[in-house]
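> After the C-alpha cells below, expect a handful of questions from me.
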Amino acid sequence: MPRLICRPLTNIDLPAIVHLDQLCFGGLWSLDGYRRELDSPNSDLIVLSRPEAIGATEAIIGIGSLWAILDEAHITLLGIAPSHRGLGLGQWLLGQLLWRAHHRQLARATLEVRPSNQAALAIYSKFGFTEAGRRHHYYADDEDAMILWRSGLRHPDYQAQWRQTLIPIHQRLQSREWRILQGDAASNPLANDASFSEKINVY
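By UniProt numbering, the letter at position 173 of the sequence shown is numbered 173, and the numbering carries on one by one without gaps.
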C-alpha cells in the first residue's frame with residue numbers, strides 16, 4: 001500500500017519543494033521565498049511526502065500553503081506533482097489547510113484561481129467556496145483571476161461539514177490503496193474521534 005505523510009514543511013525539504021514548485025507553478029517561489037515562509041508565524045506550509053524518498057528531489061509530491069491575515073486564511077499555494085494528480089490528493093491537502101485555518105480561529109478563507117482552471121474550481125466548490133469577485137488581467141497572460149471565498153470556519157457546525165466533505169475523499173484514496181499518515185496534531189484533528197476513525201480510518 002503506497003504511503004504518504006502529511007506534515008509541515010521543514011528546512012531539509014527546501015531543495016525538494018523548489019523542485020516541486022517548478023513542476024507545479026513554473027518557479028513561483030524561490031528557495032529564499034520558502035525560507036521566509038518557514039520563518040513567518042502567520043504562514044502554514046504543509047506537504048505530502050514519500051517517506052522512502054527523504055532527501056531526494058522526488059520526496060515531496062504535494063504542497064499547500066496559507067497566510068493568516070487578520071481573521072482570514074489566504075490560500076497561497078495548492079499543488080500536486082503531475083505524476084500524482086487525479087487521485088484526490090489535492091482535495092485532501094485543501095481539507096488540511098482549511099482545518100488549520102479553523103484551528104487558528106480564522107473566520108473565512110480566500111484564494112485566487114483562473115476561470116479556465118475547471119479542475120481546481122470543482123475542488124473548491126466541494127469545500128464551499130463561491131465567487132466573490134474578479135481581478136482583471138491578473139495573470140501574466142492577461143487572464144482574470146476569480147476571487148473565491150469560504151466563510152463560516154468558526155461556525156459550530158463547521159467541524160461536521162468538514163468531516164462530511166473529507167469522508168468520500170478519504171474513501172476514494174483508500175479504494176486506490178493510498179494511506180496518508182499524519183505528521184503532526186494540527187493536520188490530524190480527529191484522530192481521537194472514534195466514530196470518525198471507524199468511518200474513514202484516519203491514521
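Just so it is clear, CB atoms sit at the ideal spot from N, CA and C, and this is done for glycine as well. Computed from a predicted structure; not experimentally measured.
#1: Using only CA atoms, which one of Leu45, Pro2 and Thr76 lies nearest to Glu52?
#2: For the region 142 to 157 against the region 122 to 132, are there 3 or more C-beta pairs whose distance is under 8 Å?
#3: What's the gap between the Cα of Ala120 and the Cα of Gln96?
#4: Please name the residue, chosen from Glu112, Ala101 and Trp162, that lies closest to Leu45 on a Cα-to-Cα basis.
#5: Is the beta carbon of Leu111 closer than 9 Å to that of His74?
#6: Confirm, please, whether the CB-CB distance from Glu72 to Leu106 is below 9 Å.
#7: Excluding the five sequence neighbours on either side, which residues of its own chain have a C-beta within less than 8 Å of the C-beta of Arg35, listed in chain order?
#8: Relative to the C-alpha of Gly152, which residue among Arg85, His103, Ser43 and Leu181 is closest?
#9: For the alpha helix (DSSP H) that Gly95 lies in, which residues bound it at each end?
#10: Measure the beta-carbon distance from Leu87 to Leu173 and round it to whole angstroms, keeping in mind my assumption that it falls under 8 Å.
#11: Take Ile180 as the anchor and find which of His137, Gly62 and Arg134 has the nearest alpha-carbon.
#12: Where do the ends of the alpha helix (DSSP H) carrying Glu37 lie?
#13: Can you name the residues that DSSP bridges to Asp44?
#14: How long is the line joining the alpha carbons of Asn42 and Trp67, rounded to whole angstroms?
#15: Less than 8 Å between the CB atoms is what I'm expecting for Leu4 and Ser49, so what's the real figure, rounded?
#16: Compare the beta carbon distance of Arg135 and Asp141 with 9 Å and say whether it is the shorter of the two.
A quick look at the data gives this:
#1: Answer by Cα proximity: Pro2.
#2: Yes, since at least three Cβ pairs between the region 142 to 157 and the region 122 to 132 fall closer than 8 Å, the two stretches touch.
#3: If you take the alpha carbons of Ala120 and Gln96, they lie about 16 Å apart.
#4: Considering only alpha carbons, the answer is Ala101.
#5: Yes; because the gap between Cβ atoms is below 9 Å, this pair is in contact.
#6: Cβ distance < 9 Å, so Leu106 and Glu72 count as in contact.
#7: Within the same chain, Arg35 has close Cβ partners Asn11 and Leu14.
#8: Comparing C-alpha distances from Gly152 to each of Arg85, His103, Ser43 and Leu181 shows the shortest one belongs to His103.
#9: Note, Gly95: alpha helix (DSSP H), Leu89 to His103.
#10: Yes, Leu87 and Leu173 are in contact; Cβ-Cβ is about 7 Å, under 8 Å.
#11: The shortest Cα separation from Ile180 among His137, Gly62 and Arg134 belongs to Gly62.
#12: Where Glu37 is concerned, the enclosing alpha helix (DSSP H) starts and stops at Leu31 to Asp39.
#13: According to the DSSP secondary-structure assignment, Asp44 is paired through a beta bridge with Leu66.
#14: Inter-residue distance for Asn42 and Trp67 is about 6 Å (C-alpha atoms, whole angstroms).
#15: Indeed they touch by this definition, with Cβ atoms about 7 Å apart.
#16: No. Outside cutoff.
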